[in-house]
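Residue numbers (the working numbering): 1 to 398.
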């Protein structure tokens, strides 16, 4: 055990970190490994890979650097988090733009790059850095009203959305826009901005529906299943129905053998078939606990930057979780988005570790800093006490 009396860096980290948040994240990682054992062998067999646990081994391999990133990032101070995020934001924004030129085209989209033999999706790493920079701009607009922080935040959003739409990646575009809008709302935007931004979002969705064929097909299939192929969604729903409350048992699922992307986008359906609705509710509860606890910590923090940054990272994490689970349950149109820390994927795992590491760092208990108003009140009380104190007795002449 680490003693409270120890003044080491590790000792201070252990006693100031939110250990419940850390434990919930660790539980999701363990569940991810268990579900990878269940879901990935059929995928390996379909792809002709000799090792049935190929994806499990790769998931564990990705998990090691992800844990290092998460723990290392959680040691950072808020100032260092801002500096690191600015550097990484510029790097990955450049890489996202590079995908438009040198990225391979997969299913009509350019979203990936191969760096040193490893395929990465730069937009995954761009999101948490974007949240931190946006939170800093909004906090500065609150702290210093004369600074046009909200204007710069709007320019930042346009800078990120432009290459994402050109890839095209409308799922990430929607996710980034919703998180940014949430931060704008927390920063106290006027009602005219709410109406204007809502109108812009609705217009963008209508344009995408009218001009982008795969967006049109996905929305049409969601609204009218008979209008197109719903094979994947039908299999996911059948998986939940076959699992019932307690599931078929580990390794006993059958729909996973034909379910495409069962180890990534539809791993929640595999969990439902083999372990039942009980495990699905446990997973959803873990996500809800992480988001609500982070929002509670944000609400009680006096630093505007910390409030906005923690809230933004929690909303990003929660929205991505909800989108994945809702797609699996056919509650929204299909979108290729992983279930955080549960789905297989190196880029997703490392970027989530980076984002949650910053969340843990910002929610660490810090010494409470007195505000200027409190210092003035303290000075006034001290001055009053000094004036009211009796005069010092004069020394008698010798």
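Even for Gly, the Cβ is constructed at its ideal location relative to N, Cα and C. Bear in mind the structure is a predicted one, so any value in this text is a computation, not a measurement.
- Per DSSP, the continuous beta strand (DSSP E) segment holding residue 115 begins and ends at 113-115.
- For residue 119, the enclosing beta strand (DSSP E) begins and ends at 118-120.
- Under DSSP, residue 109 takes part in a beta bridge, and its partners are 106.
- Taken atom to atom, the span from the alpha-carbon of residue 245 to that of residue 50 is near 34 Å.
- With distances taken between CA atoms, residue 150 lies nearest to 187 out of 187, 162, 175.
- In the structure shown, residue 365 adopts coil according to DSSP, grouped into three states.
- If you draw a straight line from the Cα of residue 177 to the Cα of residue 309, it comes to about 15 Å.
- With fewer than three CB-CB distances shorter than 8 Å, the region 88-96 does not count as touching the region 315-324.
- Annotation: residue 344 to residue 259 spans about 15 Å, alpha carbon to alpha carbon.
- In its chain, beyond the 5 residues on either side, 36, 344 have a beta carbon closer than 6 Å to the beta carbon of residue 59.
- Just so you know, the alpha carbons of residue 277 and residue 243 end up roughly 7 Å apart.
- The DSSP-derived three-state label of residue 62 is helix.
- Beyond the five residues adjoining it in sequence on each side, residue 16 comes within less than 6 Å, by CB distance, of 364, 365 in the same chain, given in chain order.
- Comparing alpha-carbon positions, the option among 196, 136, 328 lying closest to residue 80 turns out to be 136.
- Distance between residue 92 and residue 109, taken at the CA atoms: about 18 Å.
- When rounded, the separation of the alpha-carbon atoms in residue 358 and residue 7 is 22 Å.
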